[in-house]
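Note that my numbering has the sequence shown beginning at 191, numbered continuously upward. Have a look at the structure below before the remarks.
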Amino acid sequence: MDNIIEMFKKYAMVIGLVTTLGGGFYAYGVFENRIAQLEKSSGSDAVEKLEARVAELEGQNKVLNKTIEVINAQMTELKLVVNNPLGG
191 MDNIIEMFKK
201 YAMVIGLVTT
211 LGGGFYAYGV
221 FENRIAQLEK
231 SSGSDAVEKL
241 EARVAELEGQ
251 NKVLNKTIEV
261 INAQMTELKL
271 VVNNPLGG
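In structure tokens form, the structure reads like this:
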């Protein structure tokens with residue numbers, strides 16, 4: 191009877207050890223998968239696309255600022271013409 195209990199303890203220990211190692215390898219695989227996904231997303235051209243879009247928008251912003259300056263100058267000129275009693 192003692193022999194059966196000792197044998198059962200050994201098998202339980204081996205099964206527990208194999209289960210623990212399997213869980214460790216599974217966790218390692220999950221972490222490797224996450225790292226691979228992060229490397230894939232950071233290695234893609236998403237950053238370059240965003241930088242190009244930012245540069246494009248900055249250029250459009252400069253054009254709009256110049257347009258506003260021109261409109262303000264035209265409004266100032268129009269105010270001077272309207273306020274001038276001798277001008278038309």
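In this text, a Cβ means the ideal position worked out from N, Cα and C, and glycines have one as well. From a predicted model like this one, the values you see are computed outputs, not experimental measurements.
Report the three-state DSSP secondary structure of residue i (helix, strand or coil).
i: ASP235; result: coil
i: LEU276; result: coil
i: MET265; result: helix
i: MET197; result: helix
i: MET191; result: coil
CB of residue i to nearest heavy atom of the ligand ATP: below 7 Å?
i: ALA236; result: Among the ligands in the structure shown, none appear at all, so the ligand ATP cannot be discussed.
Keeping to the same chain, check which residues put their C-beta closer than 6 Å to that of residue i; ignore five residues upstream and five downstream.
i: ASN274; result: none
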